[in-house]
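Numbering (this note's numbering), first residue to last: 64 to 410.
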């Protein structure tokens, strides 16, 4: 890892596809970090900001890489980062502390507990019934250690964790290494089919809408984890003053790009005698923060306001129309690539 550069874990897979994963390559460009090679399979090269080094990898591995300082920053889902943290703790008795420092507002998924018993309302009810009959609880999951942590927590609440203290994470249908406890089958997808066809008692499944689970006639017991794409670090990076400064620049500009999404700037001119009417309208509709931005001229004042395109109560078209009715002229709408309120957003 280059000592004088900030090493960024660039996630292969859907995030690298410009048409999927929230278009990460364009988000980076809007933040000022234009890259080439990433969307075509790598290697990633940052062409303008030369203090960034792209490490192309799988998000499944980034948690471990952060833990050993092989990368400084990881762009990836909360679920895979937590999966690696739990694996190191439960399987290797190695604790690492990682920190999420920025949400990228994309890649939202849920990890849900599923079973084929709709009469049991939640995981605890299902496990209470299951443990009356079985010495080994079988669970299928693409993220086995998140599944293991989930089941252990629920058993602890039931006072049954001691009975099922042993665990084993194995490939699907390999011979069990335990005679009592929690057997996690690590799978490569189609987890629902394994539960539906009796291959496992229950499962932890990744979903957005839950439609595939319902299609299999299965029951969602609980939402176990909510995940999104974000920026993760090993907090130890802050001990390096040079890298901390690079990190803050990276985060501030990424925040600006995320914050600007679905927003535009409206620029318009107002005759001096109508300024009070325009200000009253802006105040009434909360269309500025501390004070409206105004550039006075000889006979007109130029106003600029930022508008959220997702506001259904006050859509952009209505704002422009009402400004024009009051007397605003030359109403121009400008797209935003970045919007940084202040350096205070870094916390």
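Ideal placement from N, C-alpha and C gives every residue a C-beta, glycine not left out. Remember, it's a predicted structure, so these values are computed and weren't measured experimentally.
Check                                                                                                                : Outcome
Backbone secondary structure at residue 75 - three-state DSSP                                                        : coil
Presumed contact (8 Å Cβ cut-off) between residue 321 and residue 167, rounded CB distance                           : 6 Å
Closest Cα partner of residue 184 within the set 151, 119 and 285                                                    : 285
Continuous beta strand (DSSP E) assignments of at least 3 residues falling wholly in the region 314-402              : 326-334, 356-359, 363-371 and 392-398
Close beta carbons around residue 355, own chain, < 7 Å, minus the five adjacent residues each side                  : 342, 345, 366 and 368
Span of the alpha helix (DSSP H), counted from its first residue to its last, around residue 168                     : No alpha helix (DSSP H) contains residue 168, which is instead part of the beta strand (DSSP E) from 162-178.
Start-to-end residues for the beta strand (DSSP E) that takes in residue 267                                         : 265-270
Outcome for residue 190 when other beta-carbon atoms lying within 10 angstroms are tallied against a minimum of 16   : buried
Touch test, the region 186-200 against the region 150-169, Cβ-Cβ under 8 Å, three pairs minimum                      : no
Extent of the continuous beta strand (DSSP E) to which residue 96 belongs                                            : Residue 96 -> no beta strand (DSSP E), and no H or E assigned at all.
Per-residue DSSP class, three states only, for residue 251                                                           : coil
Selection from 144, 215, 70 and 134 that minimises the alpha carbon distance to residue 112                          : 70
Spatial distance of residue 280 from residue 267 (CA atoms)                                                          : 15 Å
Rounded Cβ spacing between residue 24 and residue 74 (contact assumed at less than 8 Å)                              : For the chain, the structure presents residues 64 to 410; residue 24 sits outside this window and is missing.
Short Cβ contact (9 Å threshold) for residue 309 with residue 97                                                     : no
Residue 348 to residue 193 span [Cα, whole Å]                                                                        : 56 Å
Reference residue 120; option with closest CA among 109, 101, 292 and 372                                            : 101
Residues sharing a beta bridge with residue 202, DSSP                                                                : 247 and 265
Same chain only: Cβ atoms within 6 Å of residue 395, ignoring 5 sequence neighbours per side                         : 330
Residue 244 versus residue 148 - alpha carbon distance                                                               : 22 Å
Backbone CA spacing between residue 304 and residue 200 [nearest angstrom]                                           : 49 Å
Buried versus exposed call for residue 335 [16 or more other C-beta atoms within 10 Å across all chains shown]       : exposed
Nearest-angstrom Cα separation, counted from residue 327 out to residue 158                                          : 44 Å
Cβ separation of residue 264 and residue 202, assumed to be a contact under 8 Å, to the nearest whole Å              : 7 Å
Cβ contact (3+ pairs, closer than 8 Å) linking the region 200-220 and the region 272-279                             : no
Extent of the continuous alpha helix (DSSP H) run through residue 191                                                : 186-193
Buried versus exposed call for residue 405 [16 or more other C-beta atoms within 10 Å across all chains shown]       : exposed
Residue closest to residue 403, alpha-carbon to alpha-carbon, out of 317, 220, 255 and 357                           : 317
Other residues of its chain near residue 386: CB distance less than 8 Å, five sequence neighbours each side excluded : 329, 331, 341, 344 and 394
Three-state secondary structure (DSSP) of residue 131                                                                : coil
Continuous alpha helix (DSSP H) stretch holding residue 145: start and end                                           : 141-155
Which of helix, strand or coil DSSP assigns to residue 30                                                            : Residue numbering for the chain in the displayed model covers 64 to 410; residue 30 lies beyond these limits and cannot be assessed.
Same chain, Cβ closer than 8 Å to residue 228, five either side skipped, listed in chain order                       : 244
Member of 409, 204, 88 and 155 whose CA lies at the smallest distance from the CA of residue 255                     : 204
Reference residue 400; option with closest CA among 76, 72, 86 and 92                                                : 92
Check whether residue 129 and residue 297 have beta carbons under 9 Å apart                                          : yes
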